[in-house]
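Each remark here refers to the structure printed beneath this line.
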Amino acid sequence: MGLEYVKISPGFEKYMPRDYVDLVEFGQFGKEIDVMQMGQFKELVEEHPMCAGCYMAYFIRVFYTALPKPEDTIVLGTAGCARLALSQAAVPFIYGNYGDTNAVASGLKRALSIRFPDKEKDVVVIAGDGGLMDIGFGMTMHSWFRREKFTTIMVDNEVYGNTGGQESGMSPKGIQLKMAPTGKKFDKINAVELAQTAGCVYVARISPTNPKRIAKVIRRAILAARKFGPTFIHAYTSCNIEYSIPTREVLADARQREKKDFKFYEWMTDEVKEYLNEIEKKAKEVKS
Amino acid sequence: MQEEKKVIVPGPAGYNPQPAAFLGVDLPPPGRALLYGEEVDEEVAMREAAKAMLTRKNPTIFPGPLVLWGWNAAAMEKAKAVLELAMEIPNCRIIPMPDYRPKYPKIDPEAEINPNHPNLTILHNKIEACIFVGVHCHYANLSLRMIRAGTNCFTIALCAEMGHEDAMVSLRDQHAEEIRKFKDVLVQVREELSIKWEPKLPPENPSLPKEDWTKVTPFDFGEYAALLMPRKGEVVEESE
Numbered sequence: 001m002g003l004e005y006v007k008i009s010p011g012f013e014k015y016m017p018r019d020y021v022d023l024v025e026f027g028q029f030g031k032e033i034d035v036m037q038m039g040q041f042k043e044l045v046e047e048h049p050m051c052a053g054c055y056m057a058y059f060i061r062v063f064y065t066a067l068p069k070p071e072d073t074i075v076l077g078t079a080g081c082a083r084l085a086l087s088q089a090a091v092p093f094i095y096g097n098y099g100d101t102n103a104v105a106s107g108l109k110r111a112l113s114i115r116f117p118d119k120e121k122d123v124v125v126i127a128g129d130g131g132l133m134d135i136g137f138g139m140t141m142h143s144w145f146r147r148e149k150f151t152t153i154m155v156d157n158e159v160y161g162n163t164g165g166q167e168s169g170m171s172p173k174g175i176q177l178k179m180a181p182t183g184k185k186f187d188k189i190n191a192v193e194l195a196q197t198a199g200c201v202y203v204a205r206i207s208p209t210n211p212k213r214i215a216k217v218i219r220r221a222i223l224a225a226r227k228f229g230p231t232f233i234h235a236y237t238s239c240n241i242e243y244s245i246p247t248r249e250v251l252a253d254a255r256q257r258e259k260k261d262f263k264f265y266e267w268m269t270d271e272v273k274e275y276l277n278e279i280e281k282k283a284k285e286v287k288s
Numbered sequence: 001m002q003e004e005k006k007v008i009v010p011g012p013a014g015y016n017p018q019p020a021a022f023l024g025v026d027l028p029p030p031g032r033a034l035l036y037g038e039e040v041d042e043e044v045a046m047r048e049a050a051k052a053m054l055t056r057k058n059p060t061i062f063p064g065p066l067v068l069w070g071w072n073a074a075a076m077e078k079a080k081a082v083l084e085l086a087m088e089i090p091n092c093r094i095i096p097m098p099d100y101r102p103k104y105p106k107i108d109p110e111a112e113i114n115p116n117h118p119n120l121t122i123l124h125n126k127i128e129a130c131i132f133v134g135v136h137c138h139y140a141n142l143s144l145r146m147i148r149a150g151t152n153c154f155t156i157a158l159c160a161e162m163g164h165e166d167a168m169v170s171l172r173d174q175h176a177e178e179i180r181k182f183k184d185v186l187v188q189v190r191e192e193l194s195i196k197w198e199p200k201l202p203p204e205n206p207s208l209p210k211e212d213w214t215k216v217t218p219f220d221f222g223e224y225a226a227l228l229m230p231r232k233g234e235v236v237e238e239s240e
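Order-wise, the sequence lines are chains A and B. No gaps in the numbering here: position 149 of the first sequence is 149 in the working numbering, and each next residue is one more. No gaps in the numbering here: position 4 of the second sequence is 4 in the working numbering, and each next residue is one more.
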């Protein structure tokens, strides 16, 4: 980890695949990238095998662009759709067993702070609703109770999309899915409230319709986690296959949900607010 | 070496072959090496490896992340030694393994090798002898066994640690100095075989033509540009 690992050995520049040379020359390592520059630099994730129209793939693409220091970041994921793209990004990725991502992340973050006491190393968990709120619920909650300093992002597609469409705790009440034909009997779990109660210092709920806002939320969550404690982002990333959303209407669906149950919500402790205000003020001054 | 003593030979050994360790192959102590799964003197193994690289079709070096990325002075020196070695092998190619992330939906087998499906690169390029160098051991083990399973490639592991049982030739503790020693042995064997060759660098990576990133705009992303650009009349606020 670190910038030394994205420097090609002298003499090997012409033997590296073009993709990697571009990553070094036009990538975002060691640079401040704005999400609105997307398309004008070599991104950390490009090819992936996710479904056409997958909104999660879009969210992940913006997520990588928003990383404050990709060269010092480790991403953790688990079984589910997200890992298909996460594992192909040019950022170290650890595949946890189903449900244990936050336990692995806890150990990893502690180990990194012992190994690199003077450096900021970011650990980010990205897993689905099944990985974090169903099967991984216990480990997720306990990492928050222990105030572990890393970010957890739940990419909520409201279904077990990989295994044929079973309902998850995050599926809306009454929804009929391929493998849940009688309809879901109870409400969607309120993950954001749980996170606040469990000790997260920064919590956000977002329907990713606005790239600038997504980037801002991710950045804030990561910066706050470095210093204060656990942070959590609940992102709506629809499954257009299991919910039969036509590809061209995926964005419209996200906007619709944003008006209903996925209204943008952001909460942070006072000390986090003060810290982030200071950082953002400084960044603005540098820009101007 | 007698034929019956050869435990690990070029494949194809068939789908999911028994790992060499299960066949009784042990990693050698310092100063020794593995040749076809048998412990031998390092120089004997080096000579056999050199012979394979000089006589089998499409000899190729697969450098891994530990030499491709200049993460410390030793790595850069080792990279230099690998290039010096490549120069001495007639018609050698270098196909890199820059990292281990899976490459789906497809990989360019002429431009790179991936540890998760190394056979694609080897079969596409008809490689019959190869050197693994600078690949982390767990991924080298995975790839070497996969290669033995599905191809007829003669594998040589230049390992900085203890070596690899699944390679036909496994040399341990290989750093810049040891790689240069291997190069000297190779040159010697080449002369013994009367192969004439002027040292020169292998051809460059044939990957996609260079893109000019400075001229790319969001509109180059076609229909996806809509996802990047603010909507008409939309105010993108700094903070919500």
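Think of the CB as a built atom: it goes at the ideal place given N, C-alpha and C, for glycine as much as any other residue.
Cβ distance (whole Å) where A/Trp267 is taken to contact A/Gln166 below 8 Å: Within the first sequence, the letter at position 267 stands for residue 267 of chain A. Within the first sequence, the letter at position 166 stands for residue 166 of chain A. No, A/Trp267 and A/Gln166 are not in contact; Cβ-Cβ is about 31 Å, not under 8 Å.
N- and C-terminal bounds of the beta strand (DSSP E) containing A/Thr151: As a working mapping, residue 151 of chain A is identified with position 151 in the first sequence. It spans Thr151 to Asp156 - the beta strand (DSSP E) in which A/Thr151 sits, taken as one unbroken run.
Three-state secondary structure assigned by DSSP to A/Tyr160: Here residue 160 of chain A refers to the residue found at position 160 of the first sequence. Strand.
B/Asn125 beta carbon less than 8 Å from that of B/Asn58: If you number the second sequence from 1, residue 58 of chain B lands on position 58. If you number the second sequence from 1, residue 125 of chain B lands on position 125. A contact, by the Cβ cut-off of 8 Å.
Members of the stretch 107-119 of chain B near chain A, C-beta cut-off 8 Å: Asp108, Ala111 and Glu112
Chain A contacts from the stretch 196-209 of chain B (Cβ-Cβ distance under 7 Å): Glu204, Asn205, Ser207 and Leu208
Cutoff 8 Å: B/Thr217 Cβ touching any chain A Cβ: Counted from its first residue, the second sequence places residue 217 of chain B at position 217. Interface residue, yes.
Of the residues A/Arg226, A/Pro17 and A/Tyr202, the one placed nearest A/Lys149, counting alpha carbons only: Along the first sequence, read from residue 1 onward, the residue named residue 149 of chain A stands at position 149. Comparing Cα-Cα distances from A/Lys149 to each of A/Arg226, A/Pro17 and A/Tyr202, the minimum goes to A/Arg226.
Where A/Val129 falls: helix, strand or coil (DSSP): Locating residue 129 of chain A in the first sequence gives position 129, counting from the first residue. For clarity, residue 129 of chain A is Asp in the given sequence; the question names Val instead. The DSSP-derived three-state label of A/Asp129 is helix.
Chain-ordered neighbours of B/Ile94 on chain A, where CB pairs are closer than 7 Å: Taking the second sequence and counting its residues from 1, one reaches residue 94 of chain B at position 94. Here the neighbours are Tyr15.
Classification of A/Leu132 by the beta-carbon crowding that lies within 10 angstroms, buried from 16 upward: As a working note, residue 132 of chain A is residue 132 in the first sequence. With 16 or more other Cβ atoms within 10 Å, it is buried.
Option nearest A/Val201 by Cα separation, candidates A/Glu271, A/Ala57, A/Thr247 and A/Glu4: In the first sequence, residue 201 of chain A corresponds to position 201, counting from 1. It is A/Glu271 whose Cα lies nearest to the Cα of A/Val201.
Rounded distance between the beta-carbons of A/Lys184 and A/Ser171, thought under 8 Å: Working through the first sequence from its first residue, we reach residue 171 of chain A at position 171. Working through the first sequence from its first residue, we reach residue 184 of chain A at position 184. With a Cβ gap of about 5 Å, A/Ser171 and A/Lys184 count as contacting.
Completely contained beta strand (DSSP E) runs for the stretch 198-254 of chain A, where each covers 3 or more residues: 202-206 and 231-236
Residues bridged to A/Pro289 (per DSSP): Residue 289 of chain A lies beyond the residue range present for chain A, which begins at 1 and ends at 288; the question has no answer from this structure.
Min CB distance A/Tyr20 to chain B below 8 Å: Against the first sequence, residue 20 of chain A aligns to sequence position 20. Chain B contact via Cβ: present.
Buried versus exposed call for A/Ser168 [16 or more other C-beta atoms within 10 Å across all chains shown]: Here residue 168 of chain A is taken as the residue at index 168 of the first sequence, counted from 1. It counts as buried.
The stretch 174-183 of chain A in contact with the stretch 248-268 of chain A per 3-pair CB rule at 8 Å: no
Bounding residues of the alpha helix (DSSP H) (the contiguous stretch that carries B/Thr155): Within the second sequence, numbered from 1, the residue matching residue 155 of chain B stands at position 155. Run containing B/Thr155: none in the alpha helix (DSSP H); it sits in the beta strand (DSSP E), Phe154 to Leu158.
Between the CA atoms of A/Gln37 and B/Asn119 - distance to the nearest angstrom: As a working note, residue 119 of chain B is residue 119 in the second sequence. As a working note, residue 37 of chain A is residue 37 in the first sequence. Each residue's Cα considered, the two are about 38 Å apart.
Collapsed DSSP secondary structure at B/Trp197 in the structure displayed: Here the question's residue 197 of chain B lines up with position 197 in the second sequence. It is coil, neither helix nor strand.
Closest Cα partner of B/Glu43 within the set B/Lys103, B/Leu201, B/Gln174 and B/Gly233: For the purposes of this step, residue 43 of chain B is taken as residue 43 along the second sequence, with counting starting at 1. Selected option, being the one with the closest Cα: B/Gln174.
Element boundaries [alpha helix (DSSP H), containing B/Met87]: On the second sequence, residue 87 of chain B is found 87 positions in, with the first residue counted as 1. Run containing B/Met87: Ala73 to Glu88, per the alpha helix (DSSP H) assignment.
Beta carbon proximity, B/Glu240 to chain A, threshold 8 Å: Locating residue 240 of chain B in the second sequence gives position 240, counting from the first residue. Residue placement at B/Glu240 cannot be trusted, given a pLDDT of 40 that sits under 50; what the coordinates show is reported in the next sentence. Yes, because at least one Cβ of chain A sits closer than 8 Å to the Cβ of B/Glu240.
Span of the beta strand (DSSP E) around A/Val35: Along the first sequence, read from residue 1 onward, the residue named residue 35 of chain A stands at position 35. That residue, A/Val35, is in no beta strand (DSSP E); it is neither H nor E in DSSP.
Contact check, B/Asp166 vs B/Ile61, beta carbons under 8 Å: The residue you call residue 166 of chain B lines up with position 166 of the second sequence. The residue you call residue 61 of chain B lines up with position 61 of the second sequence. It is not a contact, given that the beta carbons lie outside the stated cut-off.
Closest residue to A/Gln40 among B/Leu158, B/Arg180, B/Lys215 and B/Asp184 (Cα-Cα distance): Taking the first residue of the first sequence as 1, we reach residue 40 of chain A at position 40. Ranking the options by Cα distance to A/Gln40, first place goes to B/Lys215.
Cutoff 8 Å: B/Gly222 Cβ touching any chain A Cβ: Residue numbering aside, residue 222 of chain B sits at position 222 when the second sequence is read from its first letter. By the rule that beta-carbons nearer than 8 Å mark a contact, B/Gly222 does not touch chain A.
Spatial distance of A/Glu13 from B/Trp69 (CA atoms): Here residue 13 of chain A corresponds to residue number 13 of the first sequence, with the count starting at 1. Here residue 69 of chain B corresponds to residue number 69 of the second sequence, with the count starting at 1. Each residue's Cα considered, the two are about 10 Å apart.
Where the beta strand (DSSP E) through B/Glu38 begins and ends: What you label residue 38 of chain B is simply residue 38 of the second sequence in a count that begins at 1. Residues Glu38 to Asp41.
At least 3 beta-carbon pairs within less than 8 Å: the stretch 101-116 of chain A vs the stretch 73-80 of chain A: yes
Where B/Thr155 falls, given that 16 or more other Cβ within 10 Å makes a residue buried: Working through the second sequence from its first residue, we reach residue 155 of chain B at position 155. Buried is the call here.
Pair within 8 Å by beta-carbon distance, B/Arg56 and B/Ala129: Translated into the one-based positions of the second sequence, residue 56 of chain B becomes position 56. Translated into the one-based positions of the second sequence, residue 129 of chain B becomes position 129. The Cβ-Cβ distance between B/Arg56 and B/Ala129 falls below 8 Å.
For A/Trp267: DSSP bridge partner residues: Counting from one through the first sequence, the residue named residue 267 of chain A turns up at place 267. A/Val203, per the DSSP bridge assignment.
Alpha helix (DSSP H) segments (min. 4 residues) lying fully within the stretch 77-148 of chain A: You should have 82-86, 101-115 and 137-145.
Cut-off 6 Å between Cβ atoms - residues of its own chain near A/Asp22, not counting five sequence neighbours on either side: Here residue 22 of chain A refers to the residue found at position 22 of the first sequence. If we look at A/Asp22 and ignore the five residues flanking it on each side, its Cβ neighbours are Lys42.
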